[in-house]
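To start, the structure under review is shown below, and the notes come after it.
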Amino acid sequence: MRSAGPIADVAVNLACSGAVSDNVFRVSNGGVAFKGEAPQADQLAAVAASHDVKVIALSIGGNDLGFADIIKNCAYDFIIWNSYCHDDQQYSVDQKIDAVMGKVGKSVDEVRAVMRAAGYADSSYRIVLQSYPSPIPRGAENRYTQSDWSRLNTGGCPFWNRDSDWARDSLVPQIAGRIKGVAAAKGVQFLDLRDMLQGREVCAKASKQVSSTVPASAKTSEWARWIDNNESQGLIQESMHPNYYGQLAAGRCLALAVAQPAASGFSCKNTAGGDHTGMFLTPAS
1 MRSAGPIADV AVNLACSGAV SDNVFRVSNG GVAFKGEAPQ ADQLAAVAAS
51 HDVKVIALSI GGNDLGFADI IKNCAYDFII WNSYCHDDQQ YSVDQKIDAV
101 MGKVGKSVDE VRAVMRAAGY ADSSYRIVLQ SYPSPIPRGA ENRYTQSDWS
151 RLNTGGCPFW NRDSDWARDS LVPQIAGRIK GVAAAKGVQF LDLRDMLQGR
201 EVCAKASKQV SSTVPASAKT SEWARWIDNN ESQGLIQESM HPNYYGQLAA
251 GRCLALAVAQ PAASGFSCKN TAGGDHTGMF LTPAS
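Using the UniProt record's numbering, the letters of the sequence shown correspond one by one to residues 1 to 285.
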């Protein structure tokens, strides 16, 4: 968990970029190591033994669904093939999503099992199951037209309007709805982040890309990393993920959710023109 604010005295980040659900499960329950790190549930056991754990934020399922491949295929359809990606990518997601949500549920079960083995009562801590924000805006909210190459060469958001609309208004809500269902079935808190980056997405009209002439600003800059093969923002695999400001916003969302009753589900949104302190909650729909 990152940027969690006043939730706890110590924040421990067990996340691993590129990991899937199998990398969460304990080795004893079929889990596998990833990038030289033990499964996250096994790492959690060590943390639970040495700390008084109060909140566990879990964001899982996107890599199982192939987010990276979806982004790559949609970008290629814009750059190379002059075709849309939403139809075949939606079919692929539909074929996978039931199995993926089963693994999301198993991930929650793994966390519970580890904590019980460490002597924690279920009521002594909280699990917050999070959905995903959209890193790109709707087509009409993109500051670059799709008729030239500015989305690729300047903005770092090489996607057609129709594919952008699909990602923002179909794919991200579909995943959020299914994760909400898992949270309800497992009795954990749901935090919907689908609107967290609204107006702050890569190429959004309401925000500006940081450049040599446009300084970074929590109030006006994009809150996500654009696609950048030069790695000027970090590793390529971090493209289309929340950047520093986006992480602050996600941490604020988590802090706000934890301050509410554990049984409640919430959607977290930003205040236009504000920084991460302007994040606010509404009941999850």
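Built from N, CA and C at the ideal position, the CB exists for glycine as well. Fair warning: this is a prediction, and the values are worked out from it, not measured in the lab.
In the three-state reduction of the DSSP assignment, residue 72 falls in the helix class, which pools H, G and I. Taking 7 angstroms as the cut-off, the beta carbon of residue 96 is found no closer than this to the beta carbon of residue 21. By the C-beta criterion, the segment 215-227 is judged to be in contact with the segment 238-246, since at least 3 inter-stretch pairs fall below 8 angstroms. Taking the Cβ atoms as the reference, residue 175 lies roughly 12 angstroms from residue 129, outside the contact range of under 8 angstroms. Straight through space, the alpha carbons of residue 212 and residue 132 are spaced by roughly 30 angstroms.
In terms of Cβ geometry, residue 105 and residue 32 do not form a close pair [threshold 7 angstroms]. Taken through DSSP and simplified to helix, strand or coil, residue 142 comes out as strand. Within the same chain, and ignoring the five residues on either side of residue 47 in sequence, the residues whose Cβ sits closer than 6 angstroms to its Cβ are 12. In the DSSP assignment, residue 173 falls within the alpha helix (DSSP H) that extends over 172-186. At a Cβ-Cβ threshold of 7 angstroms, residue 238 and residue 137 do not count as neighbours. Rounded to the nearest whole angstrom, the C-alpha separation of residue 193 and residue 114 is 26 angstroms. Taken atom to atom, the span from the alpha-carbon of residue 261 to that of residue 127 is near 12 angstroms. Of the candidates 283, 78, 40, 134, 78 places its Cα closest to the Cα of residue 150. The segment 254-274 makes no contact with the segment 34-51, as fewer than three CB pairs between them are under 8 angstroms. In terms of Cα proximity to residue 143, the closest of 271, 274, 203 is 203. Between residue 241 and residue 135 a beta carbon distance of about 7 angstroms is seen, short of the 8 angstroms cut, so the two are scored as contacting. Burial of residue 222 is indicated by the presence of at least 16 other C-beta atoms within 10 angstroms of its C-beta.
With 16 or more other CB atoms across the displayed protein chains lying within 10 angstroms of its CB, residue 24 is buried. When DSSP states are grouped into helix, strand and coil, residue 9 belongs to the coil group. Excluding the 5 residues flanking it on each side, residue 139 has same chain C-beta neighbours closer than 6 angstroms at 161, 164, 165, in chain order. Look at residue 126 here: in three-state DSSP terms it is strand.
In the DSSP assignment, residue 96 falls within the unbroken alpha helix (DSSP H) covering 86-117.
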